[in-house]
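Shown next, in structure tokens, is the structure this report addresses.
Number of protein chains: 2
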Amino acid sequence: MAAPRISKADFERSLPALRDELLDLQLKLHTSKACAVAVIIAGTPAAGRSETVNELISWLDPKHIGVHALGDPTKEDRRFPALWRYWQKLPARGRITFFFAGWYGEYVGGEIKDKSSKRHDKRSVERILQLEQMLVRDRVRVVKIYLHTDHETQQRRLKELRANKLTSWRVTKEDRWQAKHFDQVNRVVRACLKATDHEIAPWHRVDGTDEEYRLLTVGKILRDEIRAGLQPRQPRRLSWPREKPTKAAALSVVQPARLVDDDEYDQQLETLQGRLARLVRKSRFRKQGLVLAFEGMDAAGKGGAIRRITHALDARQYQVVPVSAPTPEELLYPYLWRFWRHVPPLGSIAIFDRSWYGRVLVERVRDLTPEADWRRAYAEIVEFERQLTEHGLFVAKFWLSVSKGEQLRRFKARDEDPLKRFKVDREDWANRRYYDAYQAAAAEMVRRTDTESARWTIVPADDKKHARLAVLRAVCDTLER
Amino acid sequence: MAAPRISKADFERSLPALRDELLDLQLKLHTSKACAVAVIIAGTPAAGRSETVNELISWLDPKHIGVHALGDPTKEDRRFPALWRYWQKLPARGRITFFFAGWYGEYVGGEIKDKSSKRHDKRSVERILQLEQMLVRDRVRVVKIYLHTDHETQQRRLKELRANKLTSWRVTKEDRWQAKHFDQVNRVVRACLKATDHEIAPWHRVDGTDEEYRLLTVGKILRDEIRAGLQPRQPRRLSWPREKPTKAAALSVVQPARLVDDDEYDQQLETLQGRLARLVRKSRFRKQGLVLAFEGMDAAGKGGAIRRITHALDARQYQVVPVSAPTPEELLYPYLWRFWRHVPPLGSIAIFDRSWYGRVLVERVRDLTPEADWRRAYAEIVEFERQLTEHGLFVAKFWLSVSKGEQLRRFKARDEDPLKRFKVDREDWANRRYYDAYQAAAAEMVRRTDTESARWTIVPADDKKHARLAVLRAVCDTLER
Numbered sequence: 001m002a003a004p005r006i007s008k009a010d011f012e013r014s015l016p017a018l019r020d021e022l023l024d025l026q027l028k029l030h031t032s033k034a035c036a037v038a039v040i041i042a043g044t045p046a047a048g049r050s051e052t053v054n055e056l057i058s059w060l061d062p063k064h065i066g067v068h069a070l071g072d073p074t075k076e077d078r079r080f081p082a083l084w085r086y087w088q089k090l091p092a093r094g095r096i097t098f099f100f101a102g103w104y105g106e107y108v109g110g111e112i113k114d115k116s117s118k119r120h121d122k123r124s125v126e127r128i129l130q131l132e133q134m135l136v137r138d139r140v141r142v143v144k145i146y147l148h149t150d151h152e153t154q155q156r157r158l159k160e161l162r163a164n165k166l167t168s169w170r171v172t173k174e175d176r177w178q179a180k181h182f183d184q185v186n187r188v189v190r191a192c193l194k195a196t197d198h199e200i201a202p203w204h205r206v207d208g209t210d211e212e213y214r215l216l217t218v219g220k221i222l223r224d225e226i227r228a229g230l231q232p233r234q235p236r237r238l239s240w241p242r243e244k245p246t247k248a249a250a251l252s253v254v255q256p257a258r259l260v261d262d263d264e265y266d267q268q269l270e271t272l273q274g275r276l277a278r279l280v281r282k283s284r285f286r287k288q289g290l291v292l293a294f295e296g297m298d299a300a301g302k303g304g305a306i307r308r309i310t311h312a313l314d315a316r317q318y319q320v321v322p323v324s325a326p327t328p329e330e331l332l333y334p335y336l337w338r339f340w341r342h343v344p345p346l347g348s349i350a351i352f353d354r355s356w357y358g359r360v361l362v363e364r365v366r367d368l369t370p371e372a373d374w375r376r377a378y379a380e381i382v383e384f385e386r387q388l389t390e391h392g393l394f395v396a397k398f399w400l401s402v403s404k405g406e407q408l409r410r411f412k413a414r415d416e417d418p419l420k421r422f423k424v425d426r427e428d429w430a431n432r433r434y435y436d437a438y439q440a441a442a443a444e445m446v447r448r449t450d451t452e453s454a455r456w457t458i459v460p461a462d463d464k465k466h467a468r469l470a471v472l473r474a475v476c477d478t479l480e481r
Numbered sequence: 482m483a484a485p486r487i488s489k490a491d492f493e494r495s496l497p498a499l500r501d502e503l504l505d506l507q508l509k510l511h512t513s514k515a516c517a518v519a520v521i522i523a524g525t526p527a528a529g530r531s532e533t534v535n536e537l538i539s540w541l542d543p544k545h546i547g548v549h550a551l552g553d554p555t556k557e558d559r560r561f562p563a564l565w566r567y568w569q570k571l572p573a574r575g576r577i578t579f580f581f582a583g584w585y586g587e588y589v590g591g592e593i594k595d596k597s598s599k600r601h602d603k604r605s606v607e608r609i610l611q612l613e614q615m616l617v618r619d620r621v622r623v624v625k626i627y628l629h630t631d632h633e634t635q636q637r638r639l640k641e642l643r644a645n646k647l648t649s650w651r652v653t654k655e656d657r658w659q660a661k662h663f664d665q666v667n668r669v670v671r672a673c674l675k676a677t678d679h680e681i682a683p684w685h686r687v688d689g690t691d692e693e694y695r696l697l698t699v700g701k702i703l704r705d706e707i708r709a710g711l712q713p714r715q716p717r718r719l720s721w722p723r724e725k726p727t728k729a730a731a732l733s734v735v736q737p738a739r740l741v742d743d744d745e746y747d748q749q750l751e752t753l754q755g756r757l758a759r760l761v762r763k764s765r766f767r768k769q770g771l772v773l774a775f776e777g778m779d780a781a782g783k784g785g786a787i788r789r790i791t792h793a794l795d796a797r798q799y800q801v802v803p804v805s806a807p808t809p810e811e812l813l814y815p816y817l818w819r820f821w822r823h824v825p826p827l828g829s830i831a832i833f834d835r836s837w838y839g840r841v842l843v844e845r846v847r848d849l850t851p852e853a854d855w856r857r858a859y860a861e862i863v864e865f866e867r868q869l870t871e872h873g874l875f876v877a878k879f880w881l882s883v884s885k886g887e888q889l890r891r892f893k894a895r896d897e898d899p900l901k902r903f904k905v906d907r908e909d910w911a912n913r914r915y916y917d918a919y920q921a922a923a924a925e926m927v928r929r930t931d932t933e934s935a936r937w938t939i940v941p942a943d944d945k946k947h948a949r950l951a952v953l954r955a956v957c958d959t960l961e962r
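Protein chains in written order, with this note's numbering: chain E, 1 to 481; chain H, 482 to 962.
Written as structure tokens, this is what we have:
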């Protein structure tokens, strides 16, 4: 079958209109912030990947464009979960980013080179599909383009590139290997594309033999995708079966009958902090890491519990990440973006004072996010935490449960203490009115996101000392698993 | 002389009050955002650096604390100017960050190991002093603490640390070398501290022999520094000698008499873009890099000139950075922070569509920044660009000069073009009323910041084609220097 062609004359005729359309759409995208556009350009060597991106970009306003050719992960990259480096580079809404190979680099590359680890591959596909689904729902348009040529064209182009002093560096060893194993590579790639071709982010295969055909085709794909992204979103008023809060649904938390006394507390605290200190100083820990998430009503004692943990740690080893309402900048990215930014590298500890669970707690209870969005967050969060644990990080999550009466007592005590008055604001009193709704949301959250490798610990927190010891104990237990 | 000591009992007596004070001050700092605090902890091996930081942090709220032990620069770090990695980690106002060794690591380490490169050292000191001056003026409190012990104490502690399985990893090869050459190291360090001891950011030498003394002393230093940082700033109404705009002060720009015709333009454009493409594809360029800054009145044609450059480049090689008013987050950092974030690594190109010169243009003309602050920006900018060029980056700056009449014509034409209408807003019309003030500010800017290694090119821009060719030519000339 002959490669599709477009004559120079036809090209020249169609180009100006297409360029105007693209520039106009980019402008609308930038001003409306309707969505972000992530373009993945993959393809066989010498099928014109760079040429295509360079040309497309020359039609657009480069101010709102990003281009990333991430290549193989560096030593530093490898300290983070595989998808971390892509999260760092995601475009904000209003922007277009081109990724050479994108998150397919390692998966397809791995498939080509090594067919042994089938189980790993299955997870690669799962991760990619889940990522793209989430991106699309969080208003990132994912455009996937695969450029290909026949073997002869490839050979000829590689030869031309290598003959020219200014382009010979572009032909890598990997390109030459792939050219040599053309059919084999093609088979594997075909399977990869098929496995990751889904309706919300389909692959566009484009024949790259004829330059004019290639450019116009890719340009039109981009145009159609941006246009689609500018459409107002369907209001998603799916009606989910409302769960009635039943006894079973609510978290049953029994506050301990007896207060922990001071001596007992001091002694146990020291023992547990010593145990934790030893665990994170073991050489083994350098290939692990720890992610702790703290949730609970205002005044439940999250800060105090966190400080009892950090006292056992070396300051160079951990980071406490306070989470509050997203900033305007953060709102331009997919929901999990601001948490991915703080995922710790191996050997380190990140402690989140409030976390990604805000989606299904405050955002749900105070009606800040449509139901369809917080509903899907359960699965997204489970997958997010799974990627962390697969990478070797331990994940432990704490719900500090303070009773309504004790919360009131603490609010009042704070109001009387000039040093702590700042801690209770209007918003806290307002939240208190939603106490029961929070309890129900917490119960569902725990039920839906308590997984084998990322456990919830429900901590009765009316007695602060009891709570702090319970948290420390759970952290140590997690690390000893 | 005996090392200063504090008895356990005195320590226990003084501690609670100090901790309360520190926590209270930290809170005030966080809520008022009065300043940021950067604490540099340096010292001889085993003088208690980590122990001190760990203990101090345990007295504070870890949510608003950062800790960085940056160590030797990685391969990736080396692609950026030396101070780049510290800029990435600077605390925002309201936060406290501890830096182990901080920006002294390479300087002092270099001095200890190698006394040959005197000239380099002089620049290291200059860079540090200038950095700290700028930070302090931009509301970062710089607290520098040097912990030391006598040789015997050091030997004993290192032995203890090495004997314990959980701490032996903390004694590095470097520590052992320094312990062995105690006197020599001490002499060099003394000279380094002296060279970098200045009134606005003095060194605090603290004897680390007695743990209680060390902790209380460092705690009190931190307390006093935060307290000083919370003081309302002296309004700096220095009266600078106002320069009267004279003929000599204004930029004399002669618009070309003859328009460039289409054929000539197309031909020259192609030649120049080819020349640029070759220059940045040379293997030599991988150890260089390019920073371009574009300034000019609204509608002067900055975007068009930039696009003519990017057309010659590979998309993976450059980034266009649009600069507009700082975001609320950016305002919490020193002025140059948001530009340091976009400094390109070696082998890359960053093109700034507006730049750090906003300080002495729009911020001066529209009275957004006190005179004392934009006045000192001239020297700060010269130093900033010097650090770029010392690292191997070429820096070229363009003032696109459009006449008042031509600007009006362009505004009107844009208003009539639905695709471009967005480009002219109220703000632009308002700015136009300040046309003459901008010209005077531009003239002073060029006079004060045109340096041998970072040249200004004044581009008559009434004829867009002429301007684009002139810019391209200057970029090529810069790279060929």
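Each residue gets a CB set at the ideal place from its N, CA and C atoms; glycine is no exception.
Exercise. So Q407 (chain E) packs on R432 (chain E), CB below 8 Å; how close in whole Å?
Worked result: 7 Å
Exercise. Closest Cβ-Cβ distance between G784 (chain H) and chain E: below 8 Å?
Worked result: yes
Exercise. If we count the other Cβ atoms within 10 Å of its Cβ and call it buried at 16 or more, is H181 (chain E) buried or exposed?
Worked result: Only exposed fits H181 (chain E), as fewer than 16 other CB atoms lie within 10 angstroms of its CB.
Problem set entry | C-beta neighbour in chain H for D314 (chain E), strict 8 Å | Chain H, which has a Cβ nearer than 8 Å to the Cβ of D314 (chain E), makes this yes.
Problem set entry | T870 (chain H): first and last residue of the uninterrupted alpha helix (DSSP H) it sits in | 852 to 871
Problem set entry | Selection of the stretch 215 to 230 of chain E by Cβ proximity to chain H, strictly under 9 Å | Along the stretch 215 to 230 of chain E, none of the residues has a CB nearer than 9 Å to a CB of chain H.
Exercise. What residues of chain E sit near N535 (chain H), judged by a beta carbon separation below 7 Å?
Worked result: Simply D314, A315.
Exercise. Assuming R622 (chain H) contacts A523 (chain H) under a Cβ cut-off of 8 Å, what Cβ separation, rounded to an integer in Å, is found between them?
Worked result: In this structure, R622 (chain H) and A523 (chain H) do not form a Cβ contact; the two beta carbons are roughly 17 Å apart against a cut-off of 8 Å.
Exercise. Is the beta carbon of V956 (chain H) sitting closer than 8 Å to the one on L773 (chain H)?
Worked result: yes
Exercise. L499 (chain H) to G586 (chain H), Cα distance in whole Å?
Worked result: 30 Å
For this session: Give a yes or no on whether the C-beta atoms belonging to G296 (chain E) and S401 (chain E) are separated by under 8 Å.
Result: Less than 8 Å separates the beta-carbon of G296 (chain E) from that of S401 (chain E).
Exercise. Is P81 (chain E) closer than 8 Å to H342 (chain E) when the C-beta atoms are compared?
Worked result: no
Exercise. What is the DSSP secondary structure of Y799 (chain H), reduced to helix, strand or coil?
Worked result: strand
Exercise. Taking the alpha-carbon positions, what's the I830 (chain H) to W568 (chain H) distance?
Worked result: 19 Å
Exercise. Quick one: Cα of D373 (chain E) to Cα of V136 (chain E), how far?
Worked result: Distance between the alpha carbons of D373 (chain E) and V136 (chain E) is about 12 Å.
For this session: Indicate whether at least one CB of chain H lies closer than 8 Å to the CB of D262 (chain E).
Result: Contact of D262 (chain E) with chain H is not assigned, every C-beta pair being separated by 8 Å or more.
Exercise. Using the beta-carbon count (16 or more within 10 Å), is P713 (chain H) buried or exposed?
Worked result: exposed
Problem set entry | Straight-line gap, T752 (chain H) to A877 (chain H) (C-alpha atoms, nearest Å) | 20 Å
Problem set entry | Within the stretch 895 to 939 of chain H, ranges of the alpha helix (DSSP H) (whole runs, at least 4 residues) | 907 to 913, 916 to 930
Problem set entry | Closer than 7 Å at the beta carbon, the chain H residues around H342 (chain E) | Simply none; closest approach about 12 Å.
Problem set entry | Interface partners of R759 (chain H) on chain E, CB under 8 Å | L166
Exercise. Are the C-beta atoms of E380 (chain E) and some chain H residue less than 8 Å apart?
Worked result: Not one chain H Cβ lies under 8 Å of E380 (chain E).
For this session: Closer than 6 Å by C-beta to P825 (chain H): which residues in its own chain qualify, once you throw out the five before and the five after it? Chain order, please.
Result: G770, A831
Problem set entry | Contacts that A69 (chain E) makes with chain H (C-beta to C-beta distance below 8 Å) | Below the 8 Å Cβ cutoff, chain H contributes R797 as neighbours of A69 (chain E), in chain order.
Problem set entry | Burial state of S733 (chain H), where buried means 16 or more other Cβ atoms lie within 10 Å | Classification of S733 (chain H): exposed, given that the 10 Å Cβ count is below 16.
Exercise. Closer than 8 Å, CB to CB, is E329 (chain E) near chain H or not?
Worked result: yes
Problem set entry | Separation of V801 (chain H) from G208 (chain E), as counted between CA atoms | 28 Å
Problem set entry | Distance between beta carbons of L813 (chain H) and K570 (chain H), contact taken as under 8 Å | That pair is no contact at about 14 Å.
Problem set entry | Min CB distance T74 (chain E) to chain H below 8 Å | yes
Exercise. How long is the line joining the alpha carbons of R936 (chain H) and V735 (chain H), rounded to whole angstroms?
Worked result: 19 Å
Exercise. Got a sec: is the Cβ-Cβ distance from F892 (chain H) to anything in chain E below 8 Å?
Worked result: The Cβ of F892 (chain H) sits no closer than 8 Å to any Cβ of chain E.
For this session: Using a Cβ-Cβ cut-off of less than 8 Å, give me the residues of the stretch 443 to 465 of chain E that come near chain H, in sequence order.
Result: none
Problem set entry | Proximity test, Cβ basis, 8 Å: S531 (chain H) and chain E | yes
Exercise. What do you reckon, are the CB atoms on R223 (chain E) and L22 (chain E) nearer than 8 Å?
Worked result: yes
Exercise. Got a sec? Which residues, its chain only, sit under 6 Å from F339 (chain E) by beta carbon, not counting five neighbours each side?
Worked result: W356
Problem set entry | Collapsed DSSP secondary structure at A519 (chain H) in the structure displayed | strand
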